[in-house]
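Chains as they are written, first to last, in the numbering used here: chain Y, 52 to 391; chain C, 52 to 391.
For each residue, glycine too, the CB sits at the ideal point set by N, CA and C.
2 protein chains.
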Amino acid sequence: MTPTRHGTRPTMNDVAARAGVGLKTVSRVVNGESGVTPAMAERVRAAIAELGFRRNDSARLLRTGRTASIALLLEDIGDPFSSQLARAVEDVAVEQGCLLFTGSSAEDGERERELAMAFCARRVDGLVIVPSGTDHSYLEPEIASGTPVVFLDRPAAGIDADAILSDNAGGTRQGVAHLIRHGHRRIGFVGDLPGIHTCAERLRGYREAMARAHLPVDERWVATGPTDPPRVARAVARLLEGPEPVTALLTANNRITATALGVLAGRDVRPALLGFDDLELAELLTPGLTVIAQDPAALGRTAARVLFERLHGETGQARRIEIPTRLIARGSAETGPPAG
Amino acid sequence: MTPTRHGTRPTMNDVAARAGVGLKTVSRVVNGESGVTPAMAERVRAAIAELGFRRNDSARLLRTGRTASIALLLEDIGDPFSSQLARAVEDVAVEQGCLLFTGSSAEDGERERELAMAFCARRVDGLVIVPSGTDHSYLEPEIASGTPVVFLDRPAAGIDADAILSDNAGGTRQGVAHLIRHGHRRIGFVGDLPGIHTCAERLRGYREAMARAHLPVDERWVATGPTDPPRVARAVARLLEGPEPVTALLTANNRITATALGVLAGRDVRPALLGFDDLELAELLTPGLTVIAQDPAALGRTAARVLFERLHGETGQARRIEIPTRLIARGSAETGPPAG
DNA sequence: CTGAAAGCGCTTACAG
DNA sequence: CTGAAAGCGCTTACAG
């Protein structure tokens, strides 16, 4: 064993010199190509073992013109919903022989852009983006020069691109209809900023369900705004005040639901509660939390598949795919309004 | 605007030709180096804009000898604990100008090895690994040739390497002492496979706390095995059977705690419950779930920092750093044993 | 201030 | 079957 100098790795050239063969012969052996005599191959293998050679894939990929890697840009990889998306994307990537870069935009359009551009500069083969920014035209040149981008959870703004979304409006319609079926007429909607696509769609679903049931919507029942707990807590409290409080609450995402649960825990009379997004332990609460659950695995898997279809040459129009949601009844939304 | 051919990106050479300057001048402008006359710089910038040139960082990095990327190998990026580690590692990586690869070993030593080797073949600057395998000697050549590896959550097996761990034994000691202080004498321990380092350490902490309080441990109180819910449910049920059931339960990780909660939910008489690992909504359960919480942000951050210290030339002995845990009392472990 | 040459570690295309 | 040459898209080292 010739010890390699610390921090310096042997190259194919080193192996070739050691084995006394040409560089290309080493390449052939390393890549398992045919047409090398057993004797030559053996000499090369011996040199490889002696030097501890391992092919540098970054160099190989530079020559090849691809990087065999894709990037996933999330809101926050530390968030359970995001991380489930990541796992699904990773599974498809591995299946396709790709490695996965991940990055968190922290809901910051500027950071999203910087990260996306950094990934593009590395020449990732493609990108999956859960967008935070409000304008994605900066990606147009990248897409035009052959780097496909698929948007996940929210559509792109300002460019035409594939988007894989939950059926936000449909799921909410179904959920609100469920509340109505249990006798509720005054239903509150607590959402995040209405400029966010998912919130807007869920609100639309809420309004449609009410309209279909010929129920009026009092605008005071709709509380949208930032997701910070104090704001949400105030909004929930306000909906439950006055002579005609709402009898049911639809909380439009997981963080809002968690905050609302905390507020309601301190109350004797609790409205029916229906959350958008499932939560860990939801079935162990008292009562169990009824939710409109998204399917993060299907969302991530579909996004990755569409991306690889693009990478494999699919050139059709930008697609918009909606993944169904599922209403999971566990008790919190199956109580009627108080009598009288 | 000269439209670039679809899928083909302009290179510095293209820019140089278009601007009628040398390649090196383009490189200077692109990298903001000084010593270029304003007129030249302007011509280069114009050519860059016309062609839509963007530097290929993969090529640049090949020449430079580093990849400005690190890899994080987790058990499952989709698991909340893992994903919080990932976010912390990412934050440090970004701070250091590095991009982050992530991969999930799925608790499979072979897959861990394949992924780790794939990352090494890409010549990532360093690796953070939450190990699943039982032998990491395959990494020795990589480490020797200058790719630092830091182990996270569990130590390496078979090689000497940095390891960032939770204070598993200490945290459990503190938790069990807490139960003892509330009057418990018969305390059950439900863990996963005792071969897993974290389980072994937590079990050690349990035994030490009992010994310090001069309490005997009946081996029937210790139930270790696979984490699948049926096994855990049976184990919990058995501990609560018989004439002298345990009066308190320590569940040694988040999944076991979740399963135990489900089992206990169906019972009138519930033992005190203390979980290792915090859970979302833990404070909204009835009673609130008392836990020994790990600090995933500190774990991930510390691992990444140690890795970058190695990358910056730190060559001291392998370090083993323990991150403190925190006992969060919420009610489930603060009830004494039934009278009599 | 400017740029031609060599090289990072591989693969591709081609000649022997 | 084998290998020398050119090139992937950049940077480094050096000469003008």
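Three-state secondary structure (DSSP) of residue i
i: A344/Y; result: strand
i: I379/C; result: strand
i: H57/Y; result: Caution applies to H57/Y, whose pLDDT of 49 falls short of 50 and renders its modelled position unreliable; the model cannot decide the point.
i: T185/C; result: coil
i: D211/Y; result: coil
i: L350/Y; result: helix
i: G239/C; result: strand
i: T198/Y; result: coil
i: V273/C; result: strand
i: T386/Y; result: coil
i: L203/C; result: strand
i: L266/Y; result: coil
i: M52/C; result: Note that M52/C scores 35 on pLDDT, short of 50, meaning its location in the model is unreliable; the coordinates nonetheless yield the value given after this. Three-state result, M52/C: coil.
Selection from the options that minimises the alpha carbon distance to residue i
i: L402/Y; options: L300/Y, V227/Y, G313/Y, T275/Y; result: Because residue 402/Y is not part of the residues shown, which for chain Y are 52 to 391, the question remains open.
i: G250/C; options: R117/C, N305/C, L113/C; result: The sequence shown places Cys at residue 250/C, not Gly. The residue with the shortest Cα to Cα distance from C250/C is N305/C.
i: P281/C; options: G313/C, G116/C, V273/C; result: G313/C
i: R321/C; options: A288/C, L244/C, T62/C, R94/C; result: A288/C
i: R356/Y; options: G71/Y, G86/Y, E146/Y; result: E146/Y
i: R258/C; options: A286/C, L301/C, L112/C; result: L301/C
i: G148/Y; options: C149/C, P388/C, E165/C; result: E165/C
i: A169/C; options: E193/C, P375/C, T185/C, A157/C; result: E193/C
i: T115/Y; options: R96/Y, R138/Y, D176/Y; result: D176/Y
i: L291/C; options: E252/C, L324/C, V81/C, G276/C; result: L324/C
i: R205/Y; options: G197/Y, R117/Y, R224/Y, I374/Y; result: I374/Y
i: P389/Y; options: L190/Y, G234/Y, V181/Y; result: G234/Y
i: L123/C; options: A67/C, G387/C, L358/C; result: L358/C
i: F104/C; options: G86/C, F240/C, A68/C; result: A68/C
i: A70/Y; options: T88/Y, R371/Y, V95/Y; result: V95/Y
i: L136/C; options: T198/C, T353/C, L362/C; result: T353/C
i: A157/Y; options: D142/Y, L150/Y, V181/Y, A172/Y; result: V181/Y
i: P131/Y; options: L216/Y, S155/Y, V283/Y; result: S155/Y
i: R236/Y; options: V77/Y, R371/Y, V297/Y, G246/Y; result: V297/Y
i: G364/Y; options: T198/Y, R106/Y, D346/Y, D218/Y; result: T198/Y
i: D213/C; options: A384/C, L190/C, L335/C; result: L190/C
i: L178/C; options: D186/C, D159/C, F152/C; result: F152/C
i: R253/C; options: V80/C, R232/C, G222/C; result: G222/C
i: I231/Y; options: P347/Y, R106/Y, L266/Y; result: L266/Y
i: G382/Y; options: V342/Y, R370/Y, L350/Y, D108/Y; result: V342/Y
Residue i, enclosing alpha helix (DSSP H) - first and last residue
i: L254/C; result: 248 to 263
i: V227/C; result: 219 to 232
i: A68/Y; result: 63 to 70
i: L244/C; result: Where L244/C is concerned, there is no enclosing alpha helix (DSSP H), given that its DSSP letter is neither H nor E.
i: E161/Y; result: 160 to 172
Element boundaries [beta strand (DSSP E), containing residue i]
i: A137/Y; result: That residue, A137/Y, is in no beta strand (DSSP E); its alpha helix (DSSP H) goes 131 to 146.
i: A333/Y; result: Neither: A333/Y is in no beta strand (DSSP E) and is coded neither H nor E.
i: R371/Y; result: 371 to 374
i: L178/C; result: 177 to 180
i: A122/Y; result: 120 to 125
i: L151/C; result: 150 to 155
Name, going along the chain, the residues of the region 124 to 142 of chain Y whose beta-carbon falls closer than 9 Å to a beta-carbon of chain C.
D127, I128, G129, D130, P131, S133, S134, Q135, L136, A137, R138, A139, E141, D142
Counting only runs that start and end within the region 79 to 107 of chain Y, where is the alpha helix (DSSP H) found for 4 or more residues in a row?
89 to 102
Closer than 9 Å between beta carbons: that is the criterion. Which residues of the region 321 to 339 of chain C meet it against chain Y?
L330, E331, L332, A333, E334, L335, L336, T337
What are the residues in the region 290 to 309 of chain C lying within 7 Å of chain Y by C-beta distance?
A309
Curious, which full-length alpha helix (DSSP H) runs of at least 4 residues does the region 287 to 325 of chain C contain?
305 to 316
Taking a Cβ distance cut-off of 8 Å, strictly less, list which residues of the region 103 to 114 of chain Y are near chain C, in chain order.
G103, R105, R106, N107, D108, S109, A110, L112, L113
Residues from the region 352 to 370 of chain Y in contact with chain C, defined by Cβ distance under 9 Å:
none
For the region 195 to 218 of chain Y, enumerate the residues whose C-beta is nearer than 8 Å to any C-beta of chain C, in chain order.
A195, S196, G197
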